[in-house]
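Step one of this worksheet: look at the structure below.
In my numbering, the protein residues as written are 0 to 211.
Next comes the structure, spelled out in structure tokens:
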């Protein structure tokens with residue numbers, strides 16, 4: 000059994016496009032070289048593009064470090080791991096490729112989605128759920144708006160309520176303002192889903208305030 004590998008937490012301050020992914024691939028290869036299985040390393044990024052670059056960077060560095068490539072650069076310049084040999088690089092490359100189906104290498108969103116799927120009830124989620132892209136979320140909001148405005152009575156009531164909630168500023172760019180309103184209210188609804196907390200006129204206005 001391999002001894003646990005310890006390493007110091009390190010912050011890599013760098014703006015976009017200045018080499019964070021390059022340095023992180025070195026860290027990943029260094030952990031593998033110390034005996035850590037690649038499937039036991041959680042490597043998360045903010046975007047799918049960065050995740051793909053991270054994955055490809057590891058493959059490229061290990062491939063260039065193997066004895067099958069005639070690269071004039073020393074291996075330490077390629078991987079940042081001075082003690083890595085060509086033979087060991089080949090073994091690590093083979094190990095990495097074999098572990099591909101089990102790698103935890105993706106975005107923060109996808110990792111959290113996977114974790115929550117293992118404990119949905121503990122997280123207060125009943126049934127399956129999925130993470131929407133920004134485009135899918137926009138389409139979903141549009142469908143909700145269409146459903147609301149399909150019924151004239153519901154539409155009239157909603158528009159009056161929206162005017163009150165937006166302080167009469169709904170005139171220009173109403174759809175844009177409506178989307179902003181929904182986004183702001185959606186977060187509050189997640190934490191307060193009880194129907195009686197939303198639009199309960201007798202509770203909000205004990206004196207029987209009417210919309211019109």
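In this text, a Cβ means the ideal position worked out from N, Cα and C, and glycines have one as well.
Can you grab the Cα-Cα spacing for the pair residue i / residue j, in whole Å?
i: residue 179; j: residue 118; result: 31 Å
i: residue 185; j: residue 52; result: 34 Å
i: residue 143; j: residue 175; result: 15 Å
i: residue 170; j: residue 177; result: Residue placement at residue 170 is flagged as unreliable, the pLDDT there being 49, under the threshold of 50; the coordinate-derived value follows with that caveat. The alpha-carbon atoms of residue 170 and residue 177 are separated by roughly 11 Å.
i: residue 27; j: residue 18; result: 15 Å
i: residue 98; j: residue 108; result: 22 Å
i: residue 189; j: residue 31; result: 41 Å
i: residue 47; j: residue 183; result: 27 Å
i: residue 35; j: residue 22; result: 18 Å
i: residue 58; j: residue 132; result: 28 Å
i: residue 123; j: residue 112; result: 14 Å
i: residue 74; j: residue 81; result: 7 Å
i: residue 138; j: residue 129; result: 15 Å
i: residue 8; j: residue 120; result: 33 Å
i: residue 96; j: residue 136; result: 35 Å
i: residue 134; j: residue 33; result: 42 Å
Nearest CA to the CA of residue i: which residue from the options?
i: residue 79; options: 25, 191, 8; result: 25
i: residue 76; options: 31, 42, 60; result: 60
i: residue 83; options: 132, 29, 187, 20; result: 29
i: residue 100; options: 192, 85, 86, 39; result: 39
i: residue 64; options: 54, 55, 49, 86; result: 86
i: residue 20; options: 8, 33, 49, 12; result: 49
Check for me: the beta strand (DSSP E) holding residue i runs from which residue to which?
i: residue 55; result: Per DSSP, residue 55 belongs to no beta strand (DSSP E); it is in the alpha helix (DSSP H), 47-64.
What span of residues does the alpha helix (DSSP H) with residue i cover, start to end?
i: residue 30; result: 19-32
i: residue 95; result: 85-97
i: residue 118; result: Neither: residue 118 is in no alpha helix (DSSP H) and is coded neither H nor E.
i: residue 74; result: 74-78
Under 8 Å by Cβ, that's how I've got residue i and residue j pegged, so tell me the actual separation to the nearest angstrom.
i: residue 106; j: residue 44; result: 6 Å
i: residue 92; j: residue 125; result: Not confirmed; about 44 Å, so no contact.
i: residue 140; j: residue 181; result: 6 Å
i: residue 10; j: residue 103; result: Contact flag wrong, Cβ pair sits at about 21 Å.
With which residues is residue i paired in a DSSP beta bridge?
i: residue 104; result: 42
Would you say residue i faces chain D, with C-beta separation under 9 Å as the test?
i: residue 79; result: Here there is only one protein chain, and chain D is not present.
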